[in-house]
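Structure first, commentary second.
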Amino acid sequence: MSFKLQMTAAVSAFMLFCGSAVAGIVTVETTGVGADYVAARLDALKEALMQVSGVSIDVNSLRQITTQSDSETANGQTNKRLNLSKSQQQNIEEQVRGYIDSYQELNRQVNADGMHEITLSVNIYKYDAVGIQDERRTIAVLGIQSTKGGCSTPAAVAELLTEALQNELIATRKFAVLKRSDIGVEREKAYLSGDDVHRRERARLGQGRGADYVVSGRVIQFAVNESKQTIKLTGDQLIRRSAKFSGQFDLIFTATNQVKFSKKNNITLDDSQLRGLDCTAILGRLSQETARRLVEAATLDIYPPLIVKLNGGKKFTVNYGNEVLKNGDAYEVFNQGEKIYDPYIRESLGRDEIRVGNAVVIDAKPKYSVLELIEGDVSQLQEKGICRPVVKAKPVSQPVKPKPKAALRQKIEDAW
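All letters in the sequence shown, in the order written, are residues -23 to -1, 1 to 393 by mature numbering (1 follows the signal peptide of the UniProt record, and there is no 0).
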């Protein structure tokens, strides 16, 4: 079986220069074998699609390609264009990110065993989406559930929290964030599927990516409480508000359904933090803070800050900016040792971590940060070392003795 690939001049130098999608006609020469002419041709077309897209398409998807096709002659060569229905063409486009534009029959013969053999030169229009080379792990926020609406509705709570999580994940630059529902995108897809759109434009369909990770969770509590106090002297009322939010969130590895990270968030805002805010604004602030805490913890767990440069002396640079790291934050520094595996299931447990010392963030930039070692042996600092947040020990709570009420203060409060 022979194989030949060439890109036509349809791909302009400007498109390549500006980083746009690579699109054009790819010509493939393939040979197919079958019990009859139609079966042999289907086999050749299937092989052509396989060579260009790397996807093996079911022959049944091509069965409806009949022997009826339009022929055109140019430069002494006859090309046949396939007569596919809109649904047939779209089915192929979605599977192989391209479509069969035309083909030319180069040779046809019947072998000694009675099998038909045909060689075709197939022209396939192929579209590769911008950024498809992105090798970051993909992640989607799905299934955020809420039965608590507070001053809003459960649907609004889930929607705002989903949006906040997506924004925080994008800000980390560590993940390729996928959005599963968007009215504008759905309308554009519907337009591309329309009859008045050139079929080459429809090759943009079928570019969807699957998620390596899924963030899911449920809102346990969302409530805005008000307390009223009447001033006895004037009869006016003082209104104090507080807001509470709690939720349980999981980061799931899609391939195995394994929960890689789980965290419960509890947030309380007092009256001073709620002044001038209506219900929607309160919910937005709680959602943003919840998303920030969750994404920061999950990202630092999966992708701990990595030493990318030794700056000399006690200073070094890591690959996190001021979206996550703040000046004054304290981190433990470790060198990475050998890989460790679970002896029972052979699952990777990560690498051995050899402690170097403690460091503090001294200059947090938008895309990277500079840290300084404040404790430990500076000669042990290595590139690709990792940093983990210093875990502060919780202070031992002491029983609080009730203080006697001041009589004068009590009288003043009663008067008011």
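We treat Cβ as the ideally placed atom computed from N, Cα and C, and that holds for glycine.
Can you tell me whether DSSP reads residue i as helix, strand or coil?
{"i": "C256", "result": "helix"}
{"i": "A200", "result": "strand"}
{"i": "T231", "result": "coil"}
{"i": "D340", "result": "strand"}
{"i": "A211", "result": "The amino acid at residue 211 is misidentified as Ala; the sequence shows Thr. The answer is coil: DSSP assigns T211 none of H, G, I, E or B."}
{"i": "I95", "result": "strand"}
{"i": "T267", "result": "helix"}
{"i": "E324", "result": "coil"}
{"i": "R332", "result": "strand"}
{"i": "P131", "result": "helix"}
{"i": "residue 395", "result": "Summary: the structure shown does not reach residue 395, with the chain confined to residues -23 through 393, and so no result is reported for it."}
{"i": "E165", "result": "helix"}
{"i": "L358", "result": "coil"}
{"i": "V154", "result": "strand"}
{"i": "R186", "result": "coil"}
{"i": "T7", "result": "strand"}
{"i": "R114", "result": "strand"}
{"i": "V301", "result": "coil"}
{"i": "T43", "result": "With a pLDDT of 39 at T43, under the threshold of 50, the modelled position of this residue cannot be trusted, and the question is left open."}
{"i": "Y14", "result": "helix"}
{"i": "Q250", "result": "helix"}
My guess is that residue i and residue j are in contact by the Cβ rule of under 8 Å, so how many angstroms apart are they, rounded?
{"i": "L97", "j": "A21", "result": "5 Å"}
{"i": "L350", "j": "G334", "result": "6 Å"}
{"i": "G314", "j": "E300", "result": "Not a contact, Cβ separation roughly 29 Å."}
{"i": "residue 412", "j": "S346", "result": "Look at the range of the chain in this structure, -23 to 393, and you will see that residue 412 is not part of it."}
{"i": "T231", "j": "Y190", "result": "7 Å"}
{"i": "G194", "j": "Q225", "result": "6 Å"}
Relative to the C-alpha of residue i, which residue among the options is closest?
{"i": "V236", "options": "A341, V338, V192", "result": "V192"}
{"i": "A153", "options": "R164, R114, T294", "result": "R114"}
{"i": "V201", "options": "C256, S325, Y297, L19", "result": "C256"}
{"i": "V337", "options": "Q313, K361, P366, R323", "result": "P366"}
{"i": "Y80", "options": "G91, V99, M92", "result": "V99"}
{"i": "A258", "options": "A220, D173, I95", "result": "A220"}
{"i": "G187", "options": "Q250, A117, L251, T233", "result": "A117"}
{"i": "L277", "options": "M92, Q86, T149", "result": "T149"}
{"i": "E112", "options": "K151, V87, I197", "result": "K151"}
Sorted by chain position, which residues of the same chain lie with C-beta nearer than 6 Å to residue i's C-beta, five sequence neighbours on each side aside?
{"i": "Q359", "result": "N312"}
{"i": "L260", "result": "S129, L137"}
{"i": "S204", "result": "R217"}
{"i": "Q265", "result": "A141"}
{"i": "F199", "result": "K125, G127, V134, F222"}
{"i": "F84", "result": "Position check: residue 84 holds Asn in this sequence, whereas Phe was assumed. T96, listed in sequence order."}
Under 7 Å between C-beta atoms, does residue i make it to chain B?
{"i": "L228", "result": "As a matter of chain content, chain B is missing from the structure shown, which is built from one protein chain."}
Nearer than 6 Å: is that true of the beta carbon of residue i relative to any heavy atom of the ligand NAP?
{"i": "G327", "result": "This structure lacks the ligand NAP; in fact it carries no ligand of any kind."}
Using a Cβ-Cβ cutoff of less than 7 Å, which residues in the same chain neighbour residue i once the five nearest sequence positions on both sides are dropped?
{"i": "T207", "result": "Q214"}
Answer yes if the region 317 to 325 comes into contact with the region 271 to 283, meaning at least three C-beta pairs across the two stretches below 8 Å, and no otherwise. no
Counting Cβ pairs closer than 8 Å, one from the region 125 to 144 and one from the region 240 to 248, do we hit at least three? Touching, no.
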